[in-house]
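Have a look at the structure below, then the notes.
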Amino acid sequence: MTDSLADLIDDAGHTVIAKARDFTQQVVAPQAAEWQNARTYPREAIRQGCQAGLAEIELAKTAGGMGLGFAPKLRAFEAIAAQDFAFAFALINQHNATTRIARDMAGRGVEGLIAQMRRGEKIGCTALTEPGAGSDFAAIKMRASKDGDGWRLTGAKAWITNAAVADVFICYAQTDANAGWRGIAAFLVYADRPGFTRAAPFDITGGMAIGVGGFRLENYRAEAAELMQPPGAGFKSAMTGINGARTYVAGMACAMLANGLDTAARYGSQRDLFGKKLIEHQGQRWKLADIATDLEAARLLTDRAARAVHLGQDAMLPAAYAKKFAIEAAQRGLAACVQFMGAEGLRNHHPLGRHLANAKLAAYTDGSTEIQNERIAQAVVERFAK
Ligand SMILES: Cc1cc2nc3c(=O)[nH]c(=O)nc-3n(C[C@H](O)[C@H](O)[C@H](O)COP(=O)(O)OP(=O)(O)OC[C@H]3O[C@@H](n4cnc5c(N)ncnc54)[C@H](O)[C@@H]3O)c2cc1C
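Throughout the sequence shown, residue numbering follows numbering that gives the first Met the number 0, covering 0 to 385 in sequence.
Structure follows, in structure tokens:
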């Protein structure tokens, strides 16, 4: 099948996608099952991914990055997620934190930090969610109060990718308890400063390579120059990036499903039962046809959203459709792949169990399936509103 984003990807984009594929074969594929079993964060592999340039695809050239667009980033991270969503998600969060810190804090002395993040020596992440507020982001309680020309931050964050090890956090906080989303600002927070306490990594069903966890700030001092987005702009900037994030999560779900389908079809073409190959039983091969059809539809929706994100067009609805459909297709299809293979599908040297658990994680990251439903329902209802 020709790549429907091909016209958006130049030679430099093809080079980084090829690099992502090589890195996946050499580093991710051989270790993904081991990361799952050991239930640890693959710190060294994240560093290697950064060294391969995979955390600087969209980073501006002026900050030392490749300055490429969304389409090559999507394709590169799909290649990684085909082997391990959790690892791909951890690395893409490092990529995004690097890009945003460089963009929002240019000229404020972060060049050294950006260089360390590009080399994978420092890990970054983005902290919106709190123990008491997930989908309802405007309800966050992390408090930021003026302290001279700087700020004091107090509160807790939870469910943050890379928080298990991160050195720097893009941290959203409320500056005015009565202002709702208009009071939300973003700060650069350092883990080695007084007032920062890291929580133990969350023990979850699914890839521990994602390094998900939380932290607490107690009277933490942020300097004036560490205000990344002022009140009001913080909420808007978080929402601006969300359509791209929903689209790449959809792409990663497609990649997991494609890998699951290949695994099942390969096994089915070798397994004999009742005098023929598993794949020759019509009832079984039709299961694969259903999965392949869902996969095609998910890819079309994802690439449509990716085109809009890449070109800077309104991607809210395309991204919601893509994420909802691709995640549900992956959950349904991966479970069907396991069933297709019989008990063999449960064995951990196949990636199906890992993909299935990770498809469940993907159903929450960057807005749950219910939140996508709300976006889509709003558009349906608006058509009939007076
Ligand atoms: C693996 C993983 C990694 C994550 N990484 C990050 C990260 O890096 N940074 C970060 O800030 N957050 C991160 N999150 C948090 C994620 O964004 C939240 O889990 C998500 O926003 C949902 O919030 P919640 O889990 O608190 O569920 P809640 O908001 O408590 O929702 C509970 C249930 O209600 C549903 N629901 C919500 N709103 C509605 C509605 N209006 N109508 C009907 N149903 C509704 C939800 O879908 C869910 O099923 C991560 C989560 C996971 C699982």
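The C-beta atom is built at its ideal place from N, Cα and C for all residues, glycine as well.
Residue range of the beta strand (DSSP E) that includes R142: 142-146
Proximity test, S367 beta-carbon vs ligand 1 heavy atom, cut-off 8 Å: yes
Any 3 or more C-beta pairs closer than 8 Å across the region 46-60 and the region 367-378: no
Among T160, A176, L152, the one whose alpha carbon lies nearest that of R192: L152
Counterpart residues of Q173 in DSSP-defined beta bridges: R142, I183
Paired residues, beta bridge with K276 - DSSP: D271
Best match in F69, N95, L127, T39 for proximity to V164 [C-alpha to C-alpha]: T39
Cβ distance (whole Å) where N242 is taken to contact P350 below 8 Å: So it is not a contact: roughly 28 Å between Cβ atoms.
Given 8 Å, three or more beta-carbon pairs between the region 321-330 and the region 297-312: yes
Any non-hydrogen atom of ligand 1 within 8 Å of D135 CB: yes
I56 to R20 span [Cα, whole Å]: 14 Å
Ligand 1 heavy atom lying under 8 Å from the CB of I370: yes
C-beta contact flag for A132 and F234 at 9 Å: no
Local conformation of G231 per DSSP, three classes: coil
Distance cut-off 8 Å: N386 Cβ against heavy atoms of ligand 1: The displayed coordinates of the chain run from 0 to 385. Any statement about residue 386 would go beyond what the structure contains.
Coarse secondary structure for Y266, derived from DSSP in three states: helix
From K121, G106, E110, G111, residue whose alpha carbon lies closest to that of L90: K121
Cβ shell of G108 (< 8 Å), same chain only, five flanking positions each side left out: A224
Proximity test, F86 beta-carbon vs ligand 1 heavy atom, cut-off 8 Å: no
Alpha helix (DSSP H) segment containing N95, residue limits: 84-103
Residue of N36, A70, A59, C253 minimising C-alpha distance to D9: A70
Inter-stretch contact (C-beta, 8 Å, three-pair minimum) for the region 263-281 and the region 122-129: no
Cα-Cα separation, R74 to D2: 10 Å
Nearest neighbour of L287, chosen from D271, R270, D261 [CA to CA]: D261
Boundaries (first-last residue) of the beta strand (DSSP E) holding K156: 149-159
Of the residues I45, A358, D6, the one placed nearest G205, counting alpha carbons only: A358
Residues near L360 by beta carbon distance below 6 Å, same chain, minus five either side: G205
Alpha-carbon spacing of A376 relative to E327, whole angstroms: 17 Å
3 or more residues per run - each beta strand (DSSP E) lying fully within the region 106-145: 123-126
Cβ pair G68, L112 closer than 9 Å: no
Neighbour-count burial assignment, Q312, 16 or more Cβ in a 10 Å radius: exposed
Which of helix, strand or coil DSSP assigns to V337: helix
Distance, H354 Cα to M227 Cα: 35 Å
Buried versus exposed call for T23 [16 or more other C-beta atoms within 10 Å across all chains shown]: buried
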